[in-house]
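These notes are about the structure you will find just below.
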Amino acid sequence: MKFGEIARQARITCGLGTKEAAGKLHVTRQTLSNMENGETAPDPQNVFNMARLYNEPALLNSHCKCNCPIGRKLNFILPNKMPKNLTAITVRNMKEAEEHVNSLKEFAYQSVTNTDMSRMRKMVKEILEAEYWIETLKEQLIREYGVGELESLIREVNCGYIDEGLVCL
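Everything in the sequence shown is counted per the UniProt record's numbering, starting at 1 for the first residue and increasing by one.
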């Protein structure tokens, strides 16, 4: 099945029409239709937004397998094996981590007061807790799928950060 077909099915499954989904994705109805019909390859940010809106993390993997030349060669075996609830939790945690990073970026550009320090301590604690759970998840993935599959997933994620201009290898 092609990415557009999977995206259309995910949109329908979550009960959204094209007009409503397009509005929430900040694209025109025609653009969404073109992506679903395979006439236009969606950019990674649109795919990420679709996965969030439709609550369908598998769209991320599907896009890589269907649209990315590297993804077609790597096959992304691990994400297809991962339980849907595990990928949903991972996407939710990524969103929370992004929010923490954005908050920390705000601190970087302003002088820090005592109140801010208290807030920053709380954020750093939450980030450290997130790191713990990320490590726990990685250990579980290694046990269930092997080191090679985890390395493949890490490469996929790192490539996404490189594409966004963030070097996080």
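All residues carry an ideal CB built from backbone N, CA and C; glycine is no exception.
All values derive from a computational prediction rather than experimental measurement.
- The alpha helix (DSSP H) runs of length 4 or more contained entirely in the region 6–37 are, from start to end of the chain, 18–25, 29–36.
- In this structure, 4 is the residue among 4, 18, 17 with its C-alpha nearest to the C-alpha of residue 42.
- Taking C-beta separations shorter than 8 Å and ignoring five residues to either side along the sequence, residue 45 has no partners in its chain.
- By the criterion of at least three beta-carbon pairs nearer than 8 Å, the region 136–155 is not in contact with the region 112–128.
- The alpha carbon of residue 9 has as its nearest neighbour, out of 35, 26, 146, the alpha carbon of 35.
- The three-state secondary structure of residue 148, taken from DSSP, is helix.
- In the assembly as shown, residue 56 is a buried residue. Its beta-carbon has 16 or more other beta-carbons within 10 Å.
- Of the candidates 14, 129, 22, 60, the residue whose Cα lies closest to the Cα of residue 156 is 60.
- The C-alpha of residue 37 is placed about 32 Å away from the C-alpha of residue 96.
- In chain order, 53 place their CB closer than 6 Å to the CB of residue 24, counting only its own chain and leaving out the 5 sequence neighbours on each side.
- Collapsing the DSSP output to three states places residue 57 in coil.
- Secondary structure at residue 44: helix, using DSSP grouped into helix, strand and coil.
- Here residue 128 is exposed, its C-beta having fewer than 16 other C-beta atoms within 10 Å.
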